[in-house]
Amino acid sequence: MKNSVVNIKSVSNNAFGTGFVIDSDEKGVFILTCQHVLDDVQIPVVENVLAKIVAKGSFIDMAVLYVSKLHLNPLPLRPKDTKDVEVEVIGFSTFNKTLTQKKYIKAILYKESIELHSKDNDAYYNVHQIKANEGFNFERGNSGSPVISTQSNAVIAMISNKKGSDIAYAIDIENLQTVWKDVPTQLFNNHHNHSRQKETFKPNIHSKHTTEKSSSPKNRLTLLKYFIPVLLIVALAIIYYKTIPIPPTDEAQPPQSITKRFIVKSENKLEEKAFQALIDKRYYEAQEYFEKLDKLYPTRNNYYGIAKTLQHNKASLHKAEVQQEVISKIVKDYPWKAPDGVIDALNKQLKSL
472 MKNSVVNIKS
482 VSNNAFGTGF
492 VIDSDEKGVF
502 ILTCQHVLDD
512 VQIPVVENVL
522 AKIVAKGSFI
532 DMAVLYVSKL
542 HLNPLPLRPK
552 DTKDVEVEVI
562 GFSTFNKTLT
572 QKKYIKAILY
582 KESIELHSKD
592 NDAYYNVHQI
602 KANEGFNFER
612 GNSGSPVIST
622 QSNAVIAMIS
632 NKKGSDIAYA
642 IDIENLQTVW
652 KDVPTQLFNN
662 HHNHSRQKET
672 FKPNIHSKHT
682 TEKSSSPKNR
692 LTLLKYFIPV
702 LLIVALAIIY
712 YKTIPIPPTD
722 EAQPPQSITK
732 RFIVKSENKL
742 EEKAFQALID
752 KRYYEAQEYF
762 EKLDKLYPTR
772 NNYYGIAKTL
782 QHNKASLHKA
792 EVQQEVISKI
802 VKDYPWKAPD
812 GVIDALNKQL
822 KSL
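For reference, each letter of the sequence shown is one residue, going 472 to 824 in my numbering.
Listed below in C-alpha cells is the structure:
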C-alpha cells in the first residue's frame, strides 16, 4: 500500500506534493492528487516520468494524472462512513534541504463536514476536519495524501490543506466522480480497484452442464445443419474464380508506391515525441514538447528556438507556405544533432509542401 503513494515533483522549481494510484492499465497508472499541487509544480513529474493531466477540478481541489511506464497497485476506494473514523495518512514532507520523506500519520477523521462554497456561483463541496494523534504532525507536502480507514483499509478521503500542525482538511473521495467524468464505475461500485485491462471470459471446463450440452447429439446435428451449406458456398466460389477468366484492364497499372511513416528513435523519449510530432505535422503538440525540453535542458538553444518558431507562427500553420517557411528555418537556422533520419524526413516534408 505504501508503494502506491508517490511524490509529485516539478521540473521547473522545488515544489512537490503527494499523490496515490487509483487505477491502472497495461501501459501505466492513474494518480489522484490536489489541483493546487499541479498549480505549484507546474510541470508534474513522477518517478522521473512526465505526467499527463487527465482531469482537474475547476473548483474542487482534485486532479487526476496519468503516468506511463509506471506499474503500481491501485489503492481501493470507499465512501466515508457516517461516523468518526480512525485513519492513517501516508504523505511526503521535507526531510532537509535536498531530501523528502514518506511518513505515516495516525489521525481521526471527524464525521461533521464543512461546506466550501464558490464565490462565483452556487457550487460547493464537502471537506472533513482531520486531527493528528499525539506525536504526529501534518506538514508541507502532505496535500494529495490518501486518508485510509483502519477498518476497511480503503481510501475514504484525500488531504487538501492543513491548519497548524495537528489539524488538516480532507476531501471526500466521492468528489472524484464530479472531477473525473470518465472515472471507471467499478472504482466505487465494488469498493475496490480493478485494472483497466480487458477481461477474457473463460468457460468453466469442470461444469457438468456445459460438458453435457456441448456433447449432446442434438447440438452436433445443429452444427452440421449450418456447416454443410457454408462449405458448399465456399467450394462453388473457388470453382467459379478458377474457371472464369478475369478480363484484363485497358492499361497495365503500375504498382502503387507506399510511403512509410518515418518513426523517430531517440534515447530521450520526450525528444522522440517532439520530433515525431513535428514530422507528422502535429505542430501544436510539437511546440508543447519542445517547450518542455527547453525547461528540462535550458542550455540547449535549439529546443528554445524551435519552440519559439512554432509559437510565433502558430496562427498560420494550417497554410502550406507557412509550414514550408517554418520547417526551412528549423532545418537551417538551429545547429543541433537531431535523432537519425530526422533531417532527411524534414527535407522530404519540404519537397512535398
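Every residue gets a Cβ at the ideal spot worked out from N, C-alpha and C, and that includes glycine.
Answer with buried or exposed for residue 634, where buried requires no fewer than 16 other C-beta atoms within 10 angstroms of its C-beta. Exposed.
Note the first and the last residue of the continuous alpha helix (DSSP H) segment covering residue 765. Segment 754-767, the alpha helix (DSSP H) holding residue 765.
In terms of residues, what are the limits of the beta strand (DSSP E) holding residue 632? 626-634 is the span of the beta strand (DSSP E), which, as asked, contains residue 632.
Between the CA atoms of residue 538 and residue 482 - distance to the nearest angstrom: Answer to the nearest angstrom: the Cα atoms are 15 Å apart.
Cβ-heavy atom distance, residue 625 to the ligand ATP, below 7 Å: No copy of the ligand ATP appears in this structure; indeed no ligand is present at all.
Taking residue 628 as the reference, which of 570, 612, 700, 546 has the closest Cα? Closest option to residue 628, Cα to Cα, is 546.
Taking 8 Å as the cut-off, decide whether the C-beta atoms of residue 826 and residue 741 are in contact. Within the shown structure, residues of the chain are numbered from 472 to 824, placing residue 826 beyond reach of any answer.
So which of 630, 527, 516 has the shortest CA-CA distance to residue 599? If we check each option's Cα against that of residue 599, 630 comes out closest.
Measuring alpha carbon to alpha carbon, tell me which of 524, 563, 493, 554 ends up nearest residue 543. For the residues 524, 563, 493, 554, the minimum Cα distance to residue 543 belongs to 493.
Nearest-angstrom Cα distance between residue 595 and residue 654? Near 20 Å, if we compare the C-alpha coordinates of residue 654 and residue 595.
Proximity winner among 822, 593, 597, 647, relative to residue 584 (alpha-carbon distances): Taking only the C-alpha atoms, the option nearest residue 584 is 597.
With respect to the beta strand (DSSP E) encompassing residue 495, which residues constitute its N-terminal and C-terminal limits? Counting along the chain, the beta strand (DSSP E) containing residue 495 begins and ends at 487-495.
Residues near residue 817 in its chain [Cβ-Cβ closer than 8 Å; skip 5 each side]: The residues are 749, 750, 798, 801, 802.
Under the three-state reduction of DSSP, which class applies to residue 606: helix, strand or coil? Residue state, collapsed to three classes: coil.
Between residue 743 and residue 632, what straight-line distance do the alpha-carbon atoms span, to the nearest angstrom? One C-alpha to the other measures close to 38 Å.
Rounded C-alpha distance that separates residue 640 from residue 618: Within the model, the alpha-carbon separation for residue 640 versus residue 618 is close to 10 Å.
Residue 504: which of 541, 761, 534 sits nearest, CA to CA? Answer by Cα proximity: 534.
Report yes if the CB atom of residue 752 is closer than 8 Å to the CB atom of residue 811, and no otherwise. In this structure, residue 752 lies away from residue 811, with their beta-carbon atoms at least 8 Å apart.
Is residue 755 buried or exposed, if buried means 16 or more other CB atoms sit within 10 Å of its CB? With fewer than 16 Cβ atoms within 10 Å of its Cβ, residue 755 is classed as exposed.
According to the Cβ coordinates, are residue 602 and residue 579 closer than 8 Å? Result yes, Cβ atoms of residue 602 and residue 579 sit closer than 8 Å.
Residue 645 to residue 570 span [Cα, whole Å]: When rounded, the distance between both Cα atoms is 33 Å.
Express the C-alpha separation of residue 780 and residue 554 in angstroms, rounding to a whole number. Roughly 58 Å separates the two Cα atoms.
Are residue 551 and residue 564 closer than 8 Å when you measure CB to CB? Inclusion of residue 551 and residue 564 in the CB contact set at 8 Å is not warranted, their separation being larger than that value.
Note down the Cα distance separating residue 560 from residue 659, rounded to an integer number of angstroms. Going from the Cα of residue 560 to the Cα of residue 659 covers about 20 Å.
Span of the beta strand (DSSP E) around residue 478: Taken as a continuous stretch (DSSP letters only), the beta strand (DSSP E) holding residue 478 covers 476-481.
Report the CB separation of residue 746 from residue 809 in whole angstroms; it is logged as a contact under 8 Å. Right, their Cβ atoms sit about 7 Å apart.
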